[in-house]
Amino acid sequence: MEYEVRYYFPTSKLETIIKKIKKLPDLTMRSRCYEKTMQYDHPNAEMSFYSKKIDGRFRVRITKNDVFSKCKISWKRRIPDTKTTDVNKEEEIELTIKYDEYDNLMFLIDNVLKMKLIESYERYRTVFTNDEIEIAVDEYPFGMALEIENKSTDKNPQEVVRKWVRILELDINKAYRLSWDDKYSQLCKSQNIKQLNHVTFDKPMPQVKE
């Protein structure tokens, strides 16, 4: 299981938040990466991942910068009791493949499995980590997100997340409980901007505001 919380901020807060995290002791900062994530649905509509019964996302993600490139397949699903506490509890299964096998993977998904591409998004991600936590700063076309995820294997995962929320001087009750696409949809509706299936930096986007 994955235990995490997530906050959204205006893009203008990016530099301030990065500086704040850099000052924290015992965290390793990884290189900023570009990511593109594509989300697919089951070819049989009766087994749709987007149904309320399943409420899952099948994702293909490429991550790259000047040093490396990688590809990941993942399944993420909100479980019924995810909101029983103040920390999100979600099912997540990941599989990493060689980046040079990406084209073969896409051929299988598109032409053999006949999965349906539903949506995609771009972002830049900067990660800070140690043995118990991963703090990700995500730059989306519509704003920035701060994700705090447990990485400990021998501590209470929810307590680890709460501890780092306090260290970052955040209010856990103000964490956003849904996914990026829910946030994007809400912003589009509230700002009267056309909602797109593919969220990229070169398209008109709503913006997270104070």
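Taking our numbering, the leading residue of the sequence shown gets 109, the next gets one more, and so forth. Ideal placement from N, C-alpha and C gives every residue a C-beta, glycine not left out.
Measuring CA to CA, which of 229, 260 and 265 is closest to residue 290?
229
Residues in its own chain within less than 6 Å of residue 226 by CB, not counting five upstream and five downstream?
147 and 149
By DSSP, does residue 139 sit in helix, in strand, or in coil?
coil
Cβ-heavy atom distance, residue 147 to the ligand HEM, below 7 Å:
Only the bare structure without any ligand can be found here, which leaves the ligand HEM out of the picture.
What number of angstroms, rounded off, separates the C-alpha of residue 111 from the C-alpha of residue 128?
23 Å
What's the call for residue 241, buried or exposed, on a 16-neighbour Cβ count within 10 Å?
buried
In the DSSP assignment, find the unbroken alpha helix (DSSP H) run with residue 211 in it and report its ends.
210-215
Quick check on residue 314: buried or exposed, where buried means 16 or more other Cβ atoms within 10 Å of its Cβ?
Per the 10 Å Cβ criterion, buried.
Pick helix, strand or coil for residue 225, following the three-state DSSP scheme.
strand
Going by the CB atoms, is the gap between residue 113 and residue 253 shorter than 8 Å?
no
Among 170, 187, 185 and 186, nearest to residue 179 - alpha-carbon criterion:
170
With the cut-off set at 8 Å, would you say residue 117 and residue 126 are in Cβ contact?
No. Outside cutoff.
When the Cα atoms are used, what is the spatial distance from residue 201 to residue 109?
Whole-angstrom Cα-Cα distance: 9 Å.
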